[in-house]
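Colleague: Take this structure, written in C-alpha cells, and hold onto it; I'll ask about it next.
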Amino acid sequence: MNPYATSIMTFSLILGTTITISSNHWVLAWTGLEINTLAIIPLIAKSHHPRAVEAATKYFLTQAAASALVLFSSMTNAWVTGQWDITQMNHPTSCLLLTAAIAIKLGLVPFHFWFPEVLQGSPLMTALLLSTLMKFPPLTLLLLTSKSLDPALLTAMALASTALGGWMGLNQTQTRKILAFSSISHLGWIAIILVYSPKLALLTFYLYTIMTSAVFLALNKIKALNLSMIMTSWTKTPVLNATLMLVLLSLAGLPPLTGFMPKWLIIQELTKQEMTPAAMAIAMLSLLSLFFYLRLAYHSTITLPPNSSNHMKQWYTSKAPSTPTAVLASLSILLLPLSPMMHAIV
Numbered sequence: 002m003n004p005y006a007t008s009i010m011t012f013s014l015i016l017g018t019t020i021t022i023s024s025n026h027w028v029l030a031w032t033g034l035e036i037n038t039l040a041i042i043p044l045i046a047k048s049h050h051p052r053a054v055e056a057a058t059k060y061f062l063t064q065a066a067a068s069a070l071v072l073f074s075s076m077t078n079a080w081v082t083g084q085w086d087i088t089q090m091n092h093p094t095s096c097l098l099l100t101a102a103i104a105i106k107l108g109l110v111p112f113h114f115w116f117p118e119v120l121q122g123s124p125l126m127t128a129l130l131l132s133t134l135m136k137f138p139p140l141t142l143l144l145l146t147s148k149s150l151d152p153a154l155l156t157a158m159a160l161a162s163t164a165l166g167g168w169m170g171l172n173q174t175q176t177r178k179i180l181a182f183s184s185i186s187h188l189g190w191i192a193i194i195l196v197y198s199p200k201l202a203l204l205t206f207y208l209y210t211i212m213t214s215a216v217f218l219a220l221n222k223i224k225a226l227n228l229s230m231i232m233t234s235w236t237k238t239p240v241l242n243a244t245l246m247l248v249l250l251s252l253a254g255l256p257p258l259t260g261f262m263p264k265w266l267i268i269q270e271l272t273k274q275e276m277t278p279a280a281m282a283i284a285m286l287s288l289l290s291l292f293f294y295l296r297l298a299y300h301s302t303i304t305l306p307p308n309s310s311n312h313m314k315q316w317y318t319s320k321a322p323s324t325p326t327a328v329l330a331s332l333s334i335l336l337l338p339l340s341p342m343m344h345a346i347v
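The sequence shown begins at 2 in our numbering and counts up by one.
Printed below as a string of C-alpha cells:
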C-alpha cells in the first residue's frame, strides 16, 4: 500500500479512537466509531485477495448495523429523557439496544459470527489492530454506561462468550482463527466484571492487549498462518518460539505468568459480589481455552517435525527479534508480582 495512504489510515484510526474515548455526546462518539470503521477497511482489503475483500465487506456490513443501533439507542434515550450525554443512558429499551450494538462491535456471543471470518481474511498486523485497538472505543462506551446496563444480560453473554470461544477454538488449525476465538473468550471475562468493577475490566483489557500483541508480532515475525508453519519454524527462530510458548501460556492464564492476574482478581471480585456460581462456571469454561493454548504451545516448541535439511545455517535467523516484540513478551510473562499494586488500584 502507498505510504501516504497508510499514514492517512493510521492517523484516522488514532483520531477516531481519540474522539470516541474522549467524547461526552453520543453523536461525537458515533462519529469516532465511523471514522475507525472507514479507516480499517482499506487495511483489511489491501491484499486484493477474494478472501480479504469478503472479510472487508463482512466487516463493513456488521459495523454499519452496529453503528445504526448505537445511533438509534441514543436517539431513543434523547427522545425520552432529553439527554445526549453518554453517562445519562436511563431508558431501558435504549440500554438493551446499546448492549446489542456494542456486543456486535466487540464480537460478543451471540453476535460473534463475523469476527473469526474477518480475522482470517485479514493480514496478521491488521488482525492485531482488529483484536486490540478497534475494541477499545466500544469498550469505553460500555464502561461509561456500565451503571445503566443489565448485569444478568451481561453475565449471560459473558458466560456464553467464554464457552463458545473455548469450544470453537478446539478444532482450529489457522492461527488467526484461534486468536479470534481467544479474543471472544477474553471478552467474556471482561464483560462479566464490567458492571461490578469497571477498573478491573479495563485492566483485563490492557493485559489482554499486551499479550495478544506479543503473540501477533511473534507470528508475523515467523510468518506462521497455521499450526504446521509454527511446527517448522523452531529451527530458524528457537528463542522466539520458546518466548511464544510462554506468552501463549500467559494468555491461557497459568501462574506464575501475567495472564493469571486478571483471572484471579475477577474471580475474587465475583466471589465478593456473591456470584460464586458464575465465578465457578467461567473458571471451568476457561479450561476449554487452556486446551487450544496448550496445543499451540506444544506445536511451537515441543514438537520436532521431520526436517529434510540438517544444515547448521537453519539455526540462525537473518534478523534479530524486534524491540516491541521483546518488550511486549517480557510484560506478558513477568507482571504477576505487581498483582498487589494492581489490586490496590482496582
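Glycine included, every Cβ here is placed at the ideal spot set by N, Cα and C.
1. Please check the pair Ala-253 and Tyr-209, which I expect to be a contact at CB under 8 Å, by giving their CB distance rounded to whole angstroms.
2. Ile-36 to Leu-142, Cα distance in whole Å?
3. Going straight from the alpha carbon of Leu-228 to that of Ile-41, what length do you get?
4. Could you check what DSSP says for Asn-227 in three-state terms: helix, strand or coil?
5. What residue ranges within the stretch 71 to 116 form continuous alpha helix (DSSP H) runs of no fewer than 4 residues, ordered along the chain?
6. Tell me which same chain residues have a C-beta within less than 6 Å of the C-beta of Ser-186, skipping the five on either side of it?
7. Quick one: grab the DSSP three-state call for Gln-173.
8. Looking at C-alpha atoms only, which residue of Leu-286, Phe-116, Leu-34 is the closest neighbour of Ala-65?
9. Can you tell which of His-300, Tyr-5, Ile-22 has its C-alpha closest to the C-alpha of Leu-140?
10. In terms of alpha-carbon separation, which member of Phe-261, Pro-257, Asn-221 lies closest to Leu-245?
11. Which partner residues does His-26 have in the DSSP bridge list?
12. Helix, strand or coil, according to DSSP, for Glu-275 in the structure here?
13. Going by the CB atoms, is the gap between Pro-138 and Thr-32 shorter than 7 Å?
14. Does the distance from the C-beta atom of Ile-346 to that of His-300 stay below 7 Å?
15. What do you reckon, are the CB atoms on Ala-53 and Gly-122 nearer than 7 Å?
16. Leaving out the 5 sequence neighbours to the left and right, which residues in its chain are closer than 7 Å to Ile-268 when beta-carbon positions are compared?
17. Just to check my reading of the structure: Thr-176 and Ala-225 have Cβ atoms closer than 8 Å, yes? What is that Cβ distance to the nearest angstrom?
18. Which residue's Cα is closest to the Cα of Thr-156: Thr-213, Ser-68, Asn-172, Leu-188?
19. Count the other CB atoms within 10 Å of the CB of Met-276; is the residue buried (16 or more) or exposed (fewer)?
20. Determine the direct distance from the alpha carbon of Ile-211 to that of Thr-326, and round the result to whole angstroms.
21. Taking the straight line between their C-alpha atoms, what separation do you get for Trp-190 and Leu-107?
22. How would you label Leu-286, buried or exposed, when you count the other beta carbons within 10 angstroms and need 16 or more for buried?
23. For a test of the three-state rule: what should DSSP assign to Pro-257, helix, strand or coil?
24. The alpha helix (DSSP H) with Val-1 in it runs from where to where?
25. Quick one: grab the DSSP three-state call for Ala-219.
26. Skipping 5 residues on each side, what residues in its chain have a beta carbon closer than 7 Å to that of Met-10?
27. Take the Cβ of Met-2 as the centre, count every other Cβ of all protein chains shown within 10 Å, and call the residue buried at 16 or more, exposed below.
28. Return the CA-CA distance between Ser-184 and His-49, expressed in angstroms with no decimal places.
Modeller: Once the coordinates are examined:
1. Not a contact, Cβ separation roughly 12 Å.
2. 16 Å
3. 27 Å
4. strand
5. 93 to 107
6. Thr-163, Gly-166, Gly-167, Ser-290
7. coil
8. Leu-34
9. Ile-22
10. Asn-221
11. Asp-86
12. coil
13. no
14. no
15. yes
16. Ala-280, Ala-284
17. 6 Å
18. Leu-188
19. buried
20. 10 Å
21. 13 Å
22. buried
23. coil
24. The first residue shown for the chain is 2 and the last is 347, placing residue 1 beyond what the model contains.
25. helix
26. Ala-40, Pro-43, Leu-44
27. exposed
28. 26 Å
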